[in-house]
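The numbering used here numbers the first residue of the sequence shown as 258 and each following residue consecutively. Backbone N, C-alpha and C fix where the C-beta goes; we use that ideal spot for every residue, glycine too. Here the structure is a predicted model, which means the values were calculated and not measured.
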Amino acid sequence: MTRITESDSRHDHLEQKSIEEITALINQEDKTVAEAIEVALPAIQNLIAAIVQKIETGGRLFYVGAGSGGRLSVLDVIELPTTYGIEKGVFNAILAGGIPRLADALEEKEDDPEAGWNALLEAEVNANDIVVGISASGSTPFVLGALRQCMAAGITTGCIVSNPGSEIASYADFPVEVITGPEFITGSTRMKCGTAQKMIFDMISTTTMIRLGRVKGNKMVNVKLINDKIVDRAVKMLMRMGNISDYTEAKELLVSRGSVSSAMDFLETK
């Protein structure tokens with residue numbers, strides 16, 4: 258299989274270029290990422306619909322990834338309980354080498370075809386869940402082995418890859434192929450592929466949280482009150498939404514109810 262992600266960069270003699278030239282060319286390449294995602298929107302929408310359905314019926318989402326894509330999935334997952342107040346364990350990330358070694362870039366761990374599935378088994382994955390493989394190449398053994406085993410076990414699967422017709426996509430019920438083309442630095446898929454992955458994670462998590470009722474209007478009404486900045490933001494949010502003019506009154510209500518959403522529910526029943 259020809260891997261577009263490994264194709265030679267459109268740009269050469271980079272060491273001879275100025276800072277201005279390099280940054281302009283990188284920006285030029287980055288502009289194409291959103292266009293590639295636009296082509297894949299129907300597939301992304303189908304994947305999100307499957308994720309929402311699974312979570313609404315008590316299931317969980319597991320990202321399985323390695324390298325840059327796997328690490329980006331971890332970063333997305335860890336934000337959600339704070340931003341949207343969703344219970345930990347609904348969104349999960351299985352990373353080659355383990356999340357505790359996130360900063361170590363243990364790229365050799367991605368070659369183990371059994372490790373991803375074994376990690377899913379430890380998390381007691383089952384047919385209520387959905388497993389989404391993350392692989393720029395579409396062939397990472399850590400991801401491929403996990404999806405192959407999931408499909409054999411009757412567990413719904415999806416993937417996000419950046420090469421067409423990949424083996425990983427063949428084991429995905431909901432494949433997403435975002436073809437971002439050759440990288441600025443040949444084979445450096447942390448660049449355009451990574452940017453595409455980050456944008457898609459944002460789409461998946463944000464859309465899912467909205468569909469699950471974790472957003473009201475355009476506000477993070479279930480944000481966790483973990484520090485002074487967020488408490489202040491939430492108080493002002495509650496003042497606007499609940500038509501409360503007194504800051505202290507709004508703060509007392511917010512803290513007593515635990516979230517803007519709960520405080521608004523209280524106000525609406527008064």
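- prompt: In this structure, does DSSP put E434 in helix, strand or coil?
  reply: strand
Cα-Cα separation between Y320 and L332, rounded to whole angstroms: 11 Å
message: I believe V347 touches R317 by the beta-carbon criterion, under 8 Å. Please report the beta-carbon distance rounded to the nearest angstrom.
response: 6 Å
message: So the candidates are G444, L510, M494, V480; which of them puts its Cα closest to the Cα of T339?
response: V480
- prompt: Under a Cβ-count criterion, where at least 16 other Cβ atoms within 10 Å of its own Cβ denotes burial, should R471 be classed as buried or exposed?
  reply: buried
message: With a threshold of 8 Å, are at least 3 pairs of Cβ atoms found where one atom belongs to the segment 398-410 and the other to the segment 272-289?
response: no
query: Candidates L298, I343, V296, D430: which alpha carbon is nearest E313's?
result: I343
message: If you reduce the DSSP assignment to three classes, tell me which class N349 lands in.
response: strand
field: A300 versus I436 - alpha carbon distance
entry: 13 Å
- request: Pick out whichever of S519, C407, E292 has its Cα sitting closest to the Cα of I387.
  value: C407
message: Here's the rule: buried if 16 or more other CB atoms are within 10 angstroms of the residue's CB, otherwise exposed. What is N349?
response: buried
- request: Tell me, to the nearest whole angstrom, how far the beta carbon of A372 is from that of A353; I am working on the premise that it is less than 8 Å.
  value: 7 Å
- request: Would you tell me roughly how many angstroms separate the C-alpha atoms of R497 and V433, rounded to the nearest one?
  value: 40 Å
field: Ordered list of alpha helix (DSSP H) runs contained in the segment 469-516, each at least 4 residues
entry: 485-499, 504-514
- prompt: Hey, quick one: how far does the alpha helix (DSSP H) through V296 stretch, first residue to last?
  reply: 276-313
message: Do N420 and P289 count as a contact pair if the criterion is CB distance below 8 Å?
response: Contrary to the premise, residue 289 reads as Thr rather than Pro in this sequence. No, these two residues do not count as a Cβ contact at 8 Å.
query: Contact between the segment 493-511 and the segment 453-470: three or more CB pairs below 8 Å?
result: no
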